[in-house]
Amino acid sequence: MTRRNLYIFFLVLSLAGYVWVFWTAPGSGGHHPTACLFKTVTEIPCPSCGTTRSIAALAVGDVQESLLINPFGLLTAFALVIVPLWILADILRKRDSFYNRYVVAERYVTQHRWVVLLAGLIIVANWIWNISKAM
Amino acid sequence: MDQQKVDLFLMTSGKYFEGYQLASIKEKLTKLDDAKLLQLQSVSLRDPIIMLIVSLIGGHFGIDRFVLGEVGLGVAKLLTCGGFGIWTIVDWFLIMGRTREINMQNFQQAMY
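Here it is as structure tokens:
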């Protein structure tokens, strides 16, 4: 993927994330939709189910509750803050630091099988936890 | 490279590429040194049909993007529940073309 396409894609995805978080926020009129196609079809939660609730808990400062709902929420919140800022800084300063780091990280992961295995184990463990919590 | 070997490669691996790319692949292979044949055979090419099946089954978790080596997009797809379900469905239609594109990139990397 080219630098331009990557930046546009992640900016649009981040914007969609912010719109989603604010739309579903407890004070916004009580929208409780499920974005998860997997859960809608199978009624089994996916590894990322609960991310929105986790971010909502984090937004009011309840880190422990956020972790208990879904640790992926913390990761997503971190990405939602860092990624758009980094990309915008890159665009303004006409640099490629995010793109370069992204390419290097992607190459590292594809060349080191243990990273993939570890990430897979974490995802499966979180999925089992999610199912047991009936998210 | 020997014309027979080129034809054999195109016959067995043609399905991994877009139709319009085959002419340039043939041209490159014809000019290719025989010593590079082993390197060429070790190029990891993914079957677009298999990738479509992976996308239909595991696309929601970003597995299709992980398999293609697009780890960043895979993580993004996983964390957003398949891009709120929309990206999952869009990828069912795009993944075969993307697989062929990445196959071509891997092929070109092996050539140089």
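As you go down the protein sequences, you meet chains B and G in turn.
Counting from 1, one number per residue, gives the positions in the first sequence under my numbering.
Counting from 1, one number per residue, gives the positions in the second sequence under my numbering.
Cβ coordinates follow ideal geometry from the N, Cα and C atoms, glycine included.
None of the values given here were measured: they were computed from a predicted structure.
Once DSSP output is grouped into helix, strand and coil, what is the label at residue i?
i: B:T2; result: coil
i: G:E70; result: coil
i: B:A35; result: coil
i: B:R95; result: coil
i: B:I44; result: coil
i: B:H112; result: coil
On the criterion of 16 or more Cβ atoms from any shown chain inside 10 Å, does residue i qualify as buried, or is it exposed?
i: B:K133; result: exposed
i: G:V90; result: exposed
i: G:W87; result: buried
i: G:A76; result: buried
i: G:A35; result: exposed
i: G:E70; result: buried
i: B:S54; result: buried
i: B:P47; result: buried
Are residue i and residue j touching if we call contact CB-CB under 8 Å?
i: B:A57; j: B:E65; result: yes
i: B:W20; j: B:T52; result: yes
i: B:P71; j: B:I131; result: no
i: G:K37; j: G:K26; result: Residue identity differs from the one stated: residue 37 of chain G is Leu in this sequence, not Lys. Result no, Cβ atoms of G:L37 and G:K26 do not sit closer than 8 Å.
i: G:L52; j: G:I95; result: yes
i: B:F10; j: B:V83; result: yes
i: B:L6; j: B:Y102; result: yes
i: G:L79; j: G:F61; result: no
Give a single yes or no on whether residue i has its beta carbon closer than 7 Å to a heavy atom of the ligand SAH.
i: B:M1; result: Absence of the ligand SAH from the depicted structure is noted, as is the absence of any ligand whatsoever, leaving it without description.
Contact set between the stretch 36–63 of chain G and chain B, restricted to residues whose Cβ is under 8 Å from the partner
H60 and F61
Please name the residues in the stretch 88–116 of chain B whose beta-carbon is closer than 8 Å to at least one beta-carbon of chain G, in chain order.
Y102, A105, E106, V109, T110 and V116
Using a beta-carbon distance cut-off of less than 8 Å, what residues from the stretch 41–64 of chain B approach chain G?
C46, P47, S48, C49 and T51
Against chain G: residues of the stretch 70–90 of chain B by CB proximity under 8 Å
F72, L75, T76 and A79
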